[in-house]
Structure formats: C-alpha cells, structure tokens
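See structure below.
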Amino acid sequence: MSYIPHTEADTRQMLAAIGVPSIDALFDAVPASHRFPALDLPPPMSEMQAASEMLAISEANDHGGDFAIFRGAGAYHHFIPSVVNHILLRGEFYTAYTPYQPEISQGTLQATYEYQSMMCALTGMDAANASHYDGATSLAEAVTVALEASRHRRKKVILSHAIHPQYREVVRTYHQGRDIRIIGDRGRGEIVDLIEMLDDNTAMIAVQYPNFFGQIDDLSTLATAAHQVGALLVIVANPMALSLFKSPGELGADIAVGEAQPLGVPLGFGGPYLGYFATRKKHVRRIAGRIIGETQDADGKRAYVMTLRPREQDIKRERASSNICTNQGLMALAASIYLALMGKNGLRRVGELNYHKAHYAAERIDRLDGYSVDKSKAFFNEFTVACPRPIADINAALLEAGILGGYDLGQHYFHLQNHMLLCVTEMNSKEEIDRLADTLAGLA
Amino acid sequence: MATEELQPLIYDLGSPGRIGVNLPECDVPAASLPAELLRESLPLPEVGEVQVVRHFVKLSKLNYSIDQGLYPLGSCTMKYNPKINEDAARLPGFAQLHPLTDEDGCQGALYLMRELQTWLGEISGFKAVSLSPAAGAQGEFAGILMIRQYHLDRGDAQRDVILVPDSAHGTNPATVTMAGLNAHELPADSQGNVDLQALRAACEGDLRERIAGMMITVPSTLGLFESTILEVIDAVHAAGGLMYMDGANMNALMGVVKPGALGFDVMHYNLHKTFSTPHGGGGPGSGAVGVNARLAPYLPGPIVEIVEEEEGEEPPLYGFVMPEKSIGRLKAFHGNFGMHLRAYAYIRVYGDSGIRDVTRYAVLNANYLRARLMATYHLPYPRYCGHEFVLEGHIEGADAVHALDISKRLMDYGFHPPTNYFPLIVPEALLIEPTETEVKEDLDAFVAAMEAIAAEALREPETLLNAPHTAPVRRLDEVKAAKELVLCCAPALPR
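Those protein sequence lines, which keep their order, are chains E and V.
If you're matching positions, the first sequence starts at 6 in this note's numbering and goes up one per residue.
If you're matching positions, the second sequence starts at -15 in this note's numbering and goes up one per residue.
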C-alpha cells in the first residue's frame, strides 16, 4: 500500500526493537472478546480505479460545468482566479497544522493576519478572527458574544425573518441548552417591526444584508434604536455586496458576521465554507476562535502569533465561551488570496458586474407575462420573482434548457408559494440570462 | 529597535490602480446604482497578479508541513494527505455543485455521503452516522446535545453532569458548558486509566441521579488504551448515563476494536485526522458523529438515506432526511462535503484489508519510537502505547531545560515538535504521534535528533534555551502581542 511505506524487513527490525513477536501483540490491552472484528468494507482499489470512480460519481451531479447556475440563497457561483487554486495546492499551506509553533508557521500566520485585515477593511470593523465554520455558525457565535456582553442578564435575541432560514435553525441548535428567547423571525420582518421588539432585556438584534430575499433594507435607524436600549446590532452581510454597499461598520453594527464563500471558495456542495466574524475593539476579548496578532521575535524581527490564547478551550476548558478549535483556515487563505488579487479595483468591478447583470435579468423577467419581480427595495445580485406556476415545475423545465433555476421560497416561507429567489453573478453571460428569460416566457 | 520583516504585508506591496486579475467587460446595459446606499471607500490592496503569486509563495516557504517531513504532533494525526484526494475535490462535478441542487441533480454526491456514513458506521460499530459536524469540536457538541435531549425526553431533566477525565482535550469540558451542562472532572490512576474508584464514587454517590453521561478519549490522550474500559462503560450505564467517545484517537482503533461494540452510545470521528483530509493550517475539519440505535433519532441533520428503493434497472433514490427527534442543524447545508469526498476516496483505496493496516502500522511506528526513546527520556507510563505516547521533556542534570526548549530545538534538526504541555496531567509532556505513513529511516532520524538534543541539554543548555536558531524567526514575544493587540493592518474606514 503506497501510503504505508514499511517493507517486511522494516517491520521485523522495528518489532525486534520493541521486543514483541508481532504487530498484533501490541494490542493486548484491548478486551480479547472485542479485538480484531471483521470489517465489512469494499475491497481495496488502485489509484487509477479510485480516480475513475470519483470522476464517475462527480458526473452523476448537475454541476456548474454543464448548467448555467441562477441559484444563490447562501451559496454563490463566482469566478475564482486560477492563482487561488495554485496557491492553495502548495503543500506548505494545506498540509500544515494550526500554527501553534509560530517559528515555523509564519506563512499561515501572516496570511491569516492579512485575511483578518482585509475582512476589517470590507466590514468596517476593528478586528476579525481567523474564521468560524460558516456564516450560520458565525451568527450563532455572535449570539454568545452578545449574551456575554450583557453578562447573561439579557435573555432576548431578535433575529429578523429575512435572515437565511438555515442560519436561524443553527442559532436555535447552538443555544438550545440556554435559558433565552429567540424571537422576531415569525413576523413580517420589516425593520420598523424589529425595532418595536427591542427592549432592555434584548441582548442583540440581527439582520441580514442584503436580506435573504436579496434586498438592501434601510438600516439607517437600526443601530441607534438598538444602542438606545443597550442591545448589540449584528449584521449578517454578504461580503461580495460590500464591494459596493455601505459597510456594517458605517451602519453602526457592533458585530459583522457572514459567509465569505463568495470570496474565492467554490460551491462545493455546501462546504467547506468560511464563516467570518468581525467586531469593534470593545468586544475583541469576547471573540471566540483564533486571532492572529503582530509581535516581534527575540531579534526584533516582525512576526505573527496566535494571541489572546487564554480565551480558548484548551486553556480555559469548561470556562471557555465556545469549544471551537479547528476552524476553516485554508478557506481563509483562499479569501486572502482572492481579495489580494481583486483588490480595491477588481472587487468593485465584480460587484458592479453582479449588480448590472442581476438588474438586467430582473428587468427582462419583470416584463414577462405572469412574472413579477419585487422591486420595492434596492437589491444586489439576488431578487424575488412571483411566478405563474409552482417553482418545482419551472425548475424542471429550466433544467431541460441547461439552467439551474431559482430557489423555491415557498419551502420556508408559507406566504411565498410560487416565488423564486434568483441569483445572477458575473458568471452568467447575457446569453444565459436571455435563455433564462426566454425559457421562463415559454412557461407562463 | 528597528523592525526587520520576513515578507512585506500585502498592503505594503500595492500601488494605486494596480489589479491582480483580468475581468470581463460588462455585456449587459449598466443599471443605475443607488448612490445613497453605496460605500465611499474600499480600502483593499492594489497589487498585480505576479506580485500576489510571489507574495504567497514566499509566505508558504515560511511554513513547516507534512509534505516536508515528519510532523509528530500528538493527538493531531498528521499523516500524509493523498494527492489524488485533492484532484478529486476539484472535479467540476463536486467543486461546482450547488448545495441546494434538487435531489435528482445531486445523486452522485448523495450516494457518496451515504456510502461514507455506512463505512464509518461499520468501522466503529454504530448504527447511524451524520456527516453534518464541521469539526471535531462540533461533533462533540452534537453528541452532548443528543445525550441531553435523550434524558429530557425521558423526563430526566435533572441529569446535568458529564464526567470528564482530567486528561481530556479542552474541547470536552468546553463542549459540556456550551450545551448547558456541567463538567465533573475525574482523575487518572497510576497506569493512566480513569481512576475506577473515583468513577464509582461519582456514579454511586450524590451525583448518581445527575449523571447524564461521560466523555472519554480512547485510547486516552496519553496514548494508552484503557484496560478497564468495559468497567468504565458499565459503571456509567448503571448510573443511567450515556457514554461519549472522543474519536480523536481513532487512528489507534480501526479494525482493532469497534467502539459501538464496546458499549459506547455516541462518538465523533475526525476525518481530518484518521481519514487523511488535510488540516489546511488550522482547518477545515470534519467531525462526523456515529450513534447506536437509542440515539439515532437525535442525530444532527440532514443525513442521507435511501428515499426510494431500487427497482429493476432503476437505481435507488438518495435524499436528505431530518432524523425524527433531531437536535437540529449545526451549520448551513450539509457539512464539509469536500472533506467527505476525500475521506471516501481514502477508505476506498485502503478497502477492507487495508484500513486495519492503517492502525496496525500507526501503532507499530509509535511503539518503535517509544522503545527507542525511553532510554533517553523518561516514559511515565511504561506500557505498549497506541498510536501515540507521552514522554517527559526533562533531562536529568539539565534543570533549566524544559519541554518547550526541546521542542524548539527540534526545529533546528528539521522536525516539527511533538505536542507539548498536553495532556496536562504529565509534567513537561511531549506527546509524540508519528502516524503510519512515516518511513523507518525518518523515524530513526527523529530518534537521533532527540538523542542529540538530550546530549546538548547537558553540554550546552543555552543552545536549547535560545532555540530555534535556523527557523525563519526566533522565539516570539507573546506578551507584546496580547498587550498591544495589533490585529489589523488595513487603513481605517470613515465611521
């Protein structure tokens, strides 16, 4: 077996050094009645066979290589420059462990520090951590920070219903063992309604930006309202939208979290993705997870190290506020490379391409008989369309035309039966958009 | 003091107007942008493509990695990450597959997940497996939430205590707190096993009615298989508690013993340890959980099941299902699928006859190092070890030298240090885990380095105290980092 390099001679010599007759003799502490059970697994395979099986399985999927993707809803099909993958494939990065030994991990440490810095730039915050598992768990961790900030005196958490439904499920999973109340996500979800729910028992209020329906809500009064009652404002922001739109920092957020998958991480059937978490100086010591800080070595050379370590589970154990250990380090590196390549000029261009293409698509579809686009608020690259037929039927017909259609909103929002959430990115050519609109027209 | 730098920051490389990527022209008419909603500035770097490539290549060279050499980091299972798995992950059918694709359109991915669930269940003797958790710590969290909910459903709301050995990973007690329960620590006995007397005292004393379960790592974080494991499991079960196995050390168990058969109720796997998915400099991981029949309805979802049996020529239809009493969703979508497919390819290549060899050779390598090194370093538990073992990083006659100094000096010899100061119950712990993929010559070179360092400790301790000498940087000022908290180098935005 190629991954186990031992020759028979190696094994013999090693057993002699240990002083045992066989490898199996090393397992004498395992109860004999349970030792060496049969394993019902398929037989081994060569690398050639494995490669062809993986290809065959992958091709039993409707993927972006064969279909035009107009689906977002928390996972976005964006262009990833070739450089990102080439750097990620450097073994020095992907086969390294967490940088607990900073002297031989400066590559990971500096790249992560740069990731933190660029996420601060995008969000308008002072500090970001090295990542959480995904956007949903970042939000769940933000709830913990808010509860800690109120020293667990405040028991109410307001989540807008226009936050990704799965994110709200994850918050409930994370906090099922706590005595808190999570509200706000059953109503109309307008910002004014959410403001009315604020009181002095509220630890935090969270909104999504753009919201799950793709819209940019007017958040100009939200921060003041939250802060008046002493609650924290958490904005769940799509970092790609922050290429154009005001940052959570400018909107007065105390914490910005979200899914940074759009920044150089492929769709990959939902993971691994990249939860980002950024906040104000004031809350830095409450952030869970790893944080990289600048320092110097014994010769005064600038260097980077994991800092504020005493917050973490391996030191604080049962008094830690989160158990997070392994994070999404390599995905943070992907985002770091992506943001460095795009930079100030490129990211804005990508944002504009998304905006213009989505608006072109919305205009075309809104003009079709039987379809109506919700244009009540500004939007970025996603928008809601009322359709003349069940979304499942429409999507089945779109697949025939080589298109992965929109997300069926009726699955989660009862009042939005026959509504789809369409996403248009820089990956969608005018030809694809026209084909989408023409196919929809034929289904009215 | 003038600050010298290894590599400039990306922000220091830019020049206004530079861009690192070619983007297409817009092929649709421009729409008007809502001025009042737009940001004024976007303080990102402005760097060219070649600069970006060189920047990250230079940074990469400052790292140590498995691809460069032995990485004997105990409890982390730093085995070789097969390259074919990286190729597979980049196939468009996986990389460009939207997570909300309708089930008909992702049967390949669902088939793969279902097979992996089945294989993981078979390897560990569990009835059902969920691939949802994103990392080991999230798998632990899922397991403890399941135990909590199980007791609540039985009207046992007073069961709020989880027993945790003092040798446990920090994630164990932290997990218990996160789930709203209380951790109760148990000591180890002189053999490194859980102290049975202390365990029985807890299970039969005042805590009896409050015991929700126990979390235990097998083999323990000392690398030792608990020879009394069946008694431990019986004692906790007799008190009405459930048994959680931390699967961080599963590399010592595959094909050797099935935790489910021993009586464990739930465990997590670290696909990024046992099943070779790369650590990526800190993540991503994948922390699947396996359970027996009584906890199966509580698994985090979604899991993959056959929703329509095969019929004649028609293959079965796979679909996502939320278990009946699920503790809920742990992350958006369905877990770190990219790690699932790598683990799938890994198990597929080894197959039924090979998986047991992974463990056999991992344990052989660890015992070989143990046998060779115990002449030079104190071995606190003189037994056969599992896939790892702990030494005391203390040299008789060189009192100034600590485990940390030995670790740093190993870097000069071209090795990554072992895990140090863990487990907490061994003074100056050096936890060494070579894994099965290391060749004997490299193990011998590691032994030689450790012996040379022990000799240096007596002859020239300053060499160790000031190590490393050949790494990109010398020891860092961690106090300064925590005090000054420089966490961001981006220009500030207007508020």
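Each residue gets a CB set at the ideal place from its N, CA and C atoms; glycine is no exception.
Note that the structure is a prediction, hence the values are computed from the model and not measured.
Helix, strand or coil for residue i, going by three-state DSSP, please let me know.
{"i": "M(-15)(V)", "result": "Because M(-15)(V) carries a pLDDT of 43, less than 50, the predicted location of this residue cannot be relied on, and the following value inherits that uncertainty. M(-15)(V): coil per DSSP, three-state reduction."}
{"i": "E146(E)", "result": "helix"}
{"i": "E70(V)", "result": "helix"}
{"i": "Y(-5)(V)", "result": "helix"}
{"i": "V175(E)", "result": "helix"}
{"i": "T201(V)", "result": "strand"}
{"i": "N90(E)", "result": "helix"}
{"i": "A474(V)", "result": "coil"}
{"i": "S49(V)", "result": "coil"}
{"i": "A382(V)", "result": "strand"}
{"i": "Y95(V)", "result": "helix"}
{"i": "H252(V)", "result": "strand"}
{"i": "C60(V)", "result": "coil"}
{"i": "A236(E)", "result": "coil"}
{"i": "Q142(V)", "result": "coil"}
{"i": "N166(V)", "result": "strand"}
{"i": "I311(V)", "result": "coil"}
{"i": "N351(V)", "result": "helix"}
{"i": "K251(E)", "result": "coil"}
Since I believe residue j is in contact with residue i (beta carbons under 8 Å), could you give me their beta-carbon distance rounded to a whole number of angstroms?
{"i": "F274(E)", "j": "F78(V)", "result": "7 Å"}
{"i": "T159(V)", "j": "A121(V)", "result": "7 Å"}
{"i": "D413(E)", "j": "M425(E)", "result": "6 Å"}
{"i": "S151(V)", "j": "S108(V)", "result": "Actually they are not in contact, since the Cβ atoms of S151(V) and S108(V) sit about 21 Å apart, beyond 8 Å."}
{"i": "T142(E)", "j": "K315(V)", "result": "5 Å"}
{"i": "L414(V)", "j": "A455(V)", "result": "Their Cβ separation, rounded to whole angstroms, is 18 Å, which puts L414(V) and A455(V) out of contact at 8 Å."}
{"i": "I311(V)", "j": "L129(V)", "result": "4 Å"}
{"i": "A401(E)", "j": "F385(E)", "result": "The pair is not a contact, with the Cβ atoms about 28 Å apart (cut-off 8 Å)."}
{"i": "I370(E)", "j": "A258(E)", "result": "About 32 Å; that fails the 8 Å criterion."}
{"i": "L115(V)", "j": "S63(E)", "result": "With a Cβ gap of about 17 Å, L115(V) and S63(E) do not count as contacting."}
{"i": "F75(E)", "j": "N47(V)", "result": "Contact flag wrong, Cβ pair sits at about 40 Å."}
Within its chain, find whatever has a CB closer than 8 Å to the CB of residue i; leave out the 5 residues flanking it on each side and keep chain order.
{"i": "T384(V)", "result": "Here residue 384(V) is Ala; the residue named in the question, Thr, does not match the sequence. Closer than 8 Å at Cβ, skipping near neighbours: P445 and L449."}
{"i": "A73(V)", "result": "A79, G322, L325 and R326"}
Within a Cβ cutoff of 6 Å, which residues of the same chain sit near residue i, ignoring the five residues on either side of it in sequence?
{"i": "L224(E)", "result": "L256"}
{"i": "A(-14)(V)", "result": "Reliability of the predicted coordinates at A(-14)(V) is poor, the pLDDT of 47 falling under 50, and no value is obtained from them."}
{"i": "L226(V)", "result": "I131, G197 and D249"}
{"i": "R278(V)", "result": "none"}
{"i": "D198(E)", "result": "G192"}
{"i": "A219(V)", "result": "L183, R184 and C187"}
{"i": "Y118(E)", "result": "I297 and Y309"}
{"i": "G69(E)", "result": "H82"}
{"i": "E106(V)", "result": "none"}
Is it buried or exposed for residue i, if we count other Cβ within 10 angstroms and need 16 for buried?
{"i": "A327(V)", "result": "buried"}
{"i": "L325(V)", "result": "buried"}
{"i": "L283(V)", "result": "buried"}
{"i": "G189(V)", "result": "exposed"}
{"i": "S252(E)", "result": "buried"}
{"i": "H83(E)", "result": "buried"}
{"i": "E323(E)", "result": "buried"}
{"i": "P244(E)", "result": "buried"}
Given residue i, which residues of its chain have a CB within under 7 Å of its CB, disregarding the five upstream and five downstream residues?
{"i": "G276(E)", "result": "D139"}
{"i": "K242(V)", "result": "S108 and G109"}
{"i": "L172(V)", "result": "First, the residue type needs correcting, since residue 172(V) is Ala and not Leu in the sequence shown. Hits under 7 Å: P149, D150, S151, V178, D179 and I409."}
{"i": "R173(E)", "result": "L164 and D190"}
ask   = Closer than 9 Å, Cβ to any Cβ of chain E: which residues of the segment 151 to 171 of chain V, in chain order?
value = A152, H153, G154, T155, N156, P157, A158, T159, V160, T161, M162, A163, G164, L165, N166, A167 and E169
task = Return the residues of the segment 208 to 235 of chain E that lie within a Cβ-Cβ distance of less than 8 Å from chain V, sorted by chain order.
result = Listed by position along the chain: I221.
inquiry  = Using a Cβ-Cβ cutoff of 7 Å, what residues of the segment 271 to 283 of chain E are near chain V? List them in chain order.
reply    = P271, L272, G273, F274, G275, G276 and P277
task = Determine which residues of the segment 81 to 111 of chain V have a Cβ less than 7 Å from any Cβ of chain E, and write them out in chain order.
result = Against chain E - using a Cβ distance shorter than 7 Å - the residues of the segment 81 to 111 of chain V are L81, H82, P83, L84, T85, D86, G89, C90, Q91, G92, A93, Y95, L96, W103, E106 and I107.
inquiry  = Please identify, using Cβ separations under 7 Å, the residues of the segment 219 to 244 of chain V that lie next to chain E, in order along the chain.
reply    = G239, V240, V241 and K242
query = What are the residues of the segment 57 to 77 of chain E that lie near chain V, defined by any Cβ-Cβ distance shorter than 9 Å?
reply = E58, M59, L60, A61, I62, S63, E64, A65, N66, D67, H68, G69, G70, D71, F72, I74, R76 and G77
Interface residues of the segment 43 to 58 of chain V facing chain E [CB-CB below 9 Å] = L43, S44, K45, L46, N47, Y48, S49, I50, D51, Q52, Y55 and L57
ask   = At a Cβ cut of 7 Å, what residues of the segment 41 to 53 of chain E count as close to chain V, listed as they run along the chain?
value = Considering only beta carbons, the part of the segment 41 to 53 of chain E lying closer than 7 Å to chain V consists of F41, P42, L44, D45, L46, P47, P48, P49, M50 and E52, in chain order.
query = Mind listing which residues of the segment 244 to 262 of chain E have their C-beta closer than 8 Å to chain V's C-betas, in chain order?
reply = Per Cβ criterion, the list reads L247, S248, L249, F250, K251, S252, G254 and E255.
Interface residues of the segment 245 to 268 of chain V facing chain E [CB-CB below 9 Å] = A245, L246, N254, H256, S260, P262, H263, G264, G265, G266, G267 and P268
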